[in-house]
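Residue numbers for the sequence shown follow our numbering, so the first one is 128 and each next one is one higher.
Even glycine gets a Cβ: it sits at the ideal position worked out from N, Cα and C.
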Amino acid sequence: MTTVGNHKALKLTDLILYTVSASLLLETLAGAAAIGVSSIFWWIFLGLVFYVPIGLISAELGTAWPEHGGIYAWMRRAFGGRWATRAIWGYWINNAMWMPAIFILFAGVFSQLFAPDLSLTWQITMGIVLSWVAVAINVVTLDIGKWIPNLGAILKMVIFAAVIAGCLMYVGDHGMANAVTLKALTPDWSNSLQYIPVIIYGLLGFELMCANSDAIERPARNVPRAVLLAGITIISLYTLGTWAVLTAIPLDNINLVEGLLDTLRLFFGGSAAGNALVLVLGTAALFTFLSNGVTWCIGVNTTAAAAANDGELPAFLGIEHPRYGTPVGAAIATGCISTVVLLLYGFMAGSNEELFWSLFAFSAVLFLLPYIGMVLAFLKLRSSEAATPRPYRVPGGSAVATLLAWTCVAILALSVTLFCYTPGEGVQWPVLIGALVAIAVGEILIAVNERAQRAATAAATAV
């Protein structure tokens, strides 16, 4: 991707808001709250032992190698083109699979707000339309496109603040739906283990800004600051927001799709002014779901285009807009895959909640795997390119950096396992089979592309 129209477009405020937009997910609140009161412990604990370390690792990589492509560029430097391509295939195809989940959530909340009788078929149709809206926004210049994530991040923080404020008022009049005691805060491994990946999922996305590193103003200064400030904001709002949901809704009644709006209505509904506020906040939530899709489209499609332009992925993914330099090919392919996935999974699902979780879990497996590669690339580059200047380094020396990195790898690997195998329920076959099929398709594309590259090289040599 060229820098036409987006040269140094991302300043510190943009980076913070972009990271908040990527990582602060309203849809994660209900999933985390479903763990129970111990989810408060998990947000704080995993924020410290996972988010902080992997954020520091991302900051070091992003400032030492501020190359276009983010994870792809770092893994290519560390392990070569093939492994970088495998990682970026998972990174990219996950987004095409995940967008349908977030837009099914959009349709579910829209139905609650404006059309209670909206059928699943119409919700799927709405998801398809929104996927192509996200694609269209991805195609415009970053100077324009960045405002969708920025506004989405601001609205997310407003909604979280409203939920927290509403909780404080509600508890005073009605008491708490779930008691927050020391015993309740203590993790129950038998019940909460399956939901831990949801929290890990909600703590990723900080590296996304580095996919457009050539558009970042003063990356050595601004990337570490953005990781720190966005991290504090994200962990604080997640912890307080989850607590707010748990104060209002009994654990057994939390719905993965409708939990947010249920909470808002409980806190603010009951009067004309309150219902109007719920409508405004609910509409703002709809925009944040769109901004999620746009945020990830911009970052992930840019990364896929970089891989395609290096000859590692099919050339059509590298097609750029002639004026804006945006990844048109990758964006259109994302829209096509999202449409097919919505149609296929939609016919198999019995409800919007079932459809949301199937798409979410399936895509999350593909999403988490590249992060394992990113952390391993960090370790490799610490050794193989030790002399490379690093404007920012993970503090504590090599021993601490190594310990933090392997801790992140272990947590990511556990999360992947728990998406595929749920304690007490066994193997989640739709998730496992879907992930394996997506990986197999990637291997086929890589093999076909490598063969085409060899043939082209041989033909050029023979001339």
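Looking at 537, 527, 229, 518, the one whose alpha-carbon comes closest to that of residue 189 is 518.
Residue 397 and residue 326 have their alpha carbons spaced roughly 32 Å apart. Between residue 193 and residue 301, the alpha-carbon positions lie close to 52 Å from each other. Residue 355 is positioned such that its CB atom lies no closer than 8 Å to that of residue 305. For residue 307, the closest C-alpha among the options 464, 506, 187, 168 is that of 168. Using a C-beta cut-off of 8 Å, the segment 532-551 makes no contact with the segment 238-246, since fewer than three inter-stretch Cβ pairs fall below that distance. A contact between stretches requires three or more CB pairs, one per stretch, nearer than 8 Å, and the segment 165-185 fails this requirement with the segment 442-462. Buried is the label assigned to residue 531, since at least 16 other Cβ atoms lie within 10 Å of its Cβ.
In the same chain as residue 284, and ignoring 5 residues on each side of it, the C-beta atoms closer than 8 Å to its own belong to 147, 151, 360, 364, in chain order.
When rounded, the separation of the alpha-carbon atoms in residue 420 and residue 402 is 28 Å.
Going by beta carbons, residue 417 and residue 260 fall inside the 8 Å limit.
Each residue's CA atom was taken as its position, placing residue 333 and residue 494 some 13 Å apart. For the pair residue 352 and residue 573, the CB atoms are not nearer than the 8 Å cut-off.
Take the alpha-carbon of residue 368 and the one of residue 248: they are about 31 Å apart. Distance from the Cα of residue 500 is smallest, within the candidate group 145, 462, 464, 218, for 218. Excluding residues up to 5 positions away in sequence, 286, 289, 391 lie with their Cβ nearer than 6 Å to the Cβ of residue 408 in the same chain.
In the three-state DSSP reduction, residue 151 falls in the coil class, being neither helix nor strand. Residue environment for residue 560: exposed (fewer than 16 other C-beta atoms within 10 angstroms of its C-beta). For residue 225, the enclosing alpha helix (DSSP H) covers residues 208-241. Apart from the 5 residues on each side of it in sequence, residue 294 sits with its Cβ closer than 6 Å to the Cβ of 371, 374 in its chain, given in chain order.
If you look at residue 418, you'll find it in the alpha helix (DSSP H) that goes 399-436.
Taking residue 576 as reference, the option from 216, 224, 428, 156 with the minimal CA-CA separation is 216. Taking a C-beta distance under 8 Å as the contact criterion, residue 565 and residue 328 do not qualify as a contact pair. The three-state reading of DSSP puts residue 176 in helix, counting H, G and I together.
In the three-state reduction of the DSSP assignment, residue 365 falls in the helix class, which pools H, G and I. Bridge pairing for residue 198: absent [DSSP]. Comparing alpha-carbon positions, the option among 571, 543, 225, 461 lying closest to residue 264 turns out to be 461. Sorting 163, 141, 176, 172 by C-alpha distance to the C-alpha of residue 534 places 176 at the top. Secondary structure note for residue 325: its alpha helix (DSSP H) is the uninterrupted segment 323-329.
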